[in-house]
Amino acid sequence: MNGKERQSLYSKTQIIEAVFTLLKDNHFDEITVNEILDLSQISRRTFYRYFANKEDILQVYLDGLLQSYYLLKDDILAQSSFEDMLMVTLNFFWDNREKLRLLISSQKFHLLIERYNQEAVPLYRSINAPWHVQPSHSQADLQDILHFITGGYFNIISHWLLEEPARPAAEIARNLSLLFSKIQQTFDLQP
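Everything in the sequence shown is counted per UniProt numbering, starting at 1 for the first residue and increasing by one.
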C-alpha cells in the first residue's frame, strides 16, 4: 500500500469511526456532516472525495463488514456440524456487536440485510458445500431460499445482539440446530 492509499484508508476510517462515536448519543438521521467532520478532523473536501453523503459512510462500513464475513467461508466449511458452522458466524457478529448494536438502535440494520441480499446468490454459488441445493436452480429459486434463511437469521442476530445480558452464542446455535433437526425429523416421518 503506497502513501496515498494509506492516507485514503486513514481518512475513511476516521470518518467511519466518527459516525459510530456519534451514534452512541444520537440517532443516525440526526447526525450532520459537520459533526462528522469536526469529530474526524477531516476536511469537507476530503469527505466528499470518498462519500457522496453520510449514508455512503454506512455502505462503506457494511461493504467492509461483509468482506470480512465472506472470508469466513473456509472456516465455515471446515466445521463438522451445523451447530459449529453457526458458531463461526455467530462469533463473527458477536465480535462486531458494538457497531451493529448502534446500527440496530438507529434502525439502520436493515442496510446490512439489503447489502447481503445483493451478494447472496453469487456468494452461495461460489461455495461448493455439500448441503447446497443443485446449481441448476434458477436465480429466483436461490433468492427465495436465501431470503428466507437470511431474514430469519438476521432477525435472530439483531435481537440477540441487543439482549442484556446476552445469551451465549452456543445456546443460539444449539436452538437453531435443534429446530432444523426437528423439522427434518418431522417431515421424514410423514408418509
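Note that CB positions come from ideal geometry on N, CA and C, so glycine has one too.
Predicted model only: the values in this text are computed from it and were never measured.
Going along the chain, which residues of its own chain have a beta-carbon closer than 7 Å to the beta-carbon of residue i, five neighbours each way excluded?
i, result
"A166", "W160"
"A169", "M87, L90, N91 and W94"
"T150", "I113, Y116, N117 and A120"
"Q185", "none"
"R97", "L161"
With a cut-off of 8 Å on the beta carbons, I'd call residue i and residue j a contact; round off their distance for me.
i, j, result
"L66", "Y116", "6 Å"
Between residue i and the rest of its own chain, which residues show a CB-CB distance below 6 Å, the 5 nearest in sequence each way excluded?
i, result
"L112", "L62"
"R101", "L161"
"D56", "none"
State the start and end residues of the unbroken alpha helix (DSSP H) segment that holds residue i.
i, result
"E98", "R97 to S105"
"I113", "H110 to S126"
"L146", "Q139 to L162"
"L77", "K73 to L77"
How about residue i and residue j: do their beta carbons lie closer than 9 Å?
i, j, result
"K54", "F28", "yes"
"L123", "Y48", "no"
"F82", "L176", "yes"
"K73", "S126", "yes"
"D75", "A173", "no"
"residue 233", "R45", "No answer is possible for residue 233: the residues shown for the chain start at 1 and end at 191."
"L22", "I36", "yes"
"Q41", "Q7", "no"
"F154", "F109", "yes"
"V121", "L142", "yes"
Residues in the same chain with beta-carbon distance under 8 Å from residue i, minus the five sequence neighbours each way, listed in chain order, please.
i, result
"V60", "K12, I16, Y50 and F51"
Ignoring anything shorter than 4 residues or poking outside the UniProt domain "HTH tetR-type" (9-69), list the alpha helix (DSSP H) runs there in chain order.
33-40 and 44-50
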